[in-house]
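Contents: one structure, followed by commentary.
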Amino acid sequence: MAPPPRTPLVVPTDTDATAATAAKAKAKAAPSVDGIAETGVATNLDGDMWESVRASVVKVYVSNKPWSQRQPWQRLAAISGTGSAFVVAGRRLLTNAHVVDDEVAIFVRRRDSDVQHPAKVLDVSAEADLALLAVDGDAFWSGLTPTTPGPLPALQDRVIAMGYPTGGDSMSITSGVVSRVEMTRSVFSGIALLGLQVDAAINSGNSGGPAFNAAAEVVGVAHQTRSDAQNIGYIIPWGVIEHFLADVADGPSTGICGAGFTVQPLDNPHLRAYKRLPSPSAAASAATTAASAAAAAAAAADGGDVGVLIRSVPPVSPAADVVRPGDVLTALDGVPVTSAATVAFPGRGSARIGFNYLVSRKQVGDPLRVSLLRDGVPVEVTYPLPSVRRTPMVPATGNRTRPEYLIVGGFVFLPLTAAYLRARYGHRWHSAAPSSLVGLAHSAEKAAADDQIVIL
């Protein structure tokens, strides 16, 4: 009996559930004929180019033994599942981190063979939900060519998703269009990164499979879906993948950057007046009367709808040396930040995106130039960016090692983590767990590098 497919992570319907675990997808796999799902793929997939592309997509078989979060000295019973992966440069396979999470054995199978080859994890970015696999020996790699990366798709661009979802053993191909390009919170990590929302079916087993454009270029990797709707899937775009590959090129992954501070919108006119900023309505009026779009943008950037309030700066963040709570953030690397904490989306016309997009494109340790208003006086500071996992008191993702614990007199003490909350209260722990623990998980920040919240 074949192992069950790994379910794409499901975006929960509970709006507070920002770090929920994988749940079974409700949408059924499209019927498959000769390995091509009957979903009306408009692009002609014949020819040597597409044959090479299909050959680069492999099926992943994983045996997992997760660590028990309630009895951390032992593992849970072994479970098996399947996912998808595809060939990238350097004789490596790319898949989702959640596909190989807590793995004890991994095998991969080519489309043209029944042989399962042993594989191993090279590196993982839990924050981005990405993992690299290696397969030893020339037999597996014979005739396989790396996929070619493509540009970020535009809205309504068609994408073609390939993988090995439930409903059969052969490859399935579905297609759809891009309906959103925005910062999307990963269910696996709880961290928001650039993502694509598509209406292509992404079902159990599709996780880790590539999405292509009409030119057979990879534009992303399938990773999660919704529990309250059919044919709404989410794809990690190539820009995030490229960041991960650059990160591991010189050593183990250091993760995704965080700004090192938290903010709150600054659209209240009285608070803006107190901070010596014009109100957003005044900025909108100035932009409306401007002679052109460029002049409108300049009017907004020139002291108009600019500025978001710095709410907190954790002491362990390198930003703590130069940024203060109560400062007004006006720009990052010279790009104006609005009162809603958004910036112009590069290359997307008038579209806007959360300012963390600019931060997430950098590597840990890269300098960030921050423009501030402090007591009405412009200030510009620079500091090295920290990892997004550096400051939270309650880790959203695990570190692929046994949980820490201490037994004293029969009492078991362990640090509070999102993994524990999921194991104890289920994937809707945000609403099911005690409010005191949920509040700590959402907002507690470290005052020292080794701070932990310990529970009994």
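Per full-length UniProt numbering, the very first residue in the sequence shown carries number 1; after that it's consecutive.
Quick reminder that beta carbons are idealized off the backbone N, C-alpha and C, glycines included.
Predicted model only: the values in this text are computed from it and were never measured.
{"Check": "The segment 111-122 in contact with the segment 65-75 per 3-pair CB rule at 8 Å", "Outcome": "no"}
{"Check": "Helix, strand or coil at A448 [DSSP, three-state]", "Outcome": "coil"}
{"Check": "Three-state secondary structure assigned by DSSP to Y234", "Outcome": "strand"}
{"Check": "9 Å Cβ cutoff met for F188 and A97", "Outcome": "yes"}
{"Check": "Cα-Cα separation between G347 and R180, rounded to whole angstroms", "Outcome": "15 Å"}
{"Check": "For T342, the nearest candidate out of D321, H243, L277, G307 (CA to CA)", "Outcome": "G307"}
{"Check": "Length at least 3, wholly inside the segment 195-243: the beta strand (DSSP E) runs in chain order", "Outcome": "210-212, 217-226, 233-237"}
{"Check": "Same chain, Cβ closer than 8 Å to G137, neighbours up to 5 away in sequence not counted", "Outcome": "H117"}
{"Check": "Neighbour-count burial assignment, S435, 16 or more Cβ in a 10 Å radius", "Outcome": "exposed"}
{"Check": "Start and end residues, beta strand (DSSP E) containing V438", "Outcome": "Premise fails: V438 lies in the alpha helix (DSSP H), 435-443, not in any beta strand (DSSP E)."}
{"Check": "Cβ-Cβ separation, I353 to M162 (assumed contact under 8 Å), whole Å", "Outcome": "Between I353 and M162 the Cβ distance is about 28 Å, and since that is not below 8 Å, they are no contact."}
{"Check": "Straight-line gap, P395 to Y425 (C-alpha atoms, nearest Å)", "Outcome": "16 Å"}
{"Check": "Presumed contact (8 Å Cβ cut-off) between G260 and V313, rounded CB distance", "Outcome": "7 Å"}
{"Check": "Best match in L45, V322, P403 for proximity to P367 [C-alpha to C-alpha]", "Outcome": "V322"}
{"Check": "Buried or exposed (CB count within 10 angstroms, at least 16 for buried), F411", "Outcome": "exposed"}
{"Check": "Contact under 9 Å by Cβ, A134 with L144", "Outcome": "no"}
{"Check": "When A131, R110, R109, L271 are compared against E103, the one with the closest alpha-carbon", "Outcome": "A131"}
{"Check": "Assigned secondary structure, N268 (DSSP; H/G/I helix, E/B strand, else coil)", "Outcome": "coil"}
{"Check": "D123, enclosing beta strand (DSSP E) - first and last residue", "Outcome": "116-125"}
{"Check": "Nearest-angstrom Cα separation, counted from V178 out to I455", "Outcome": "44 Å"}
{"Check": "3 or more residues per run - each beta strand (DSSP E) lying fully within the segment 53-141", "Outcome": "57-64, 79-88, 92-95, 103-109, 116-125, 130-134"}
{"Check": "Own chain partners of W67 with C-beta closer than 6 Å, once the 5 adjacent residues on each side are dropped", "Outcome": "R75, R402, P403"}
{"Check": "Three-way DSSP call (helix, strand, coil) for T21 in this model", "Outcome": "Low confidence applies to T21: its pLDDT is 34, below 50, so where it sits in the model is not reliable, and the reading given next is rough at best. Correct three-state label for T21: coil."}
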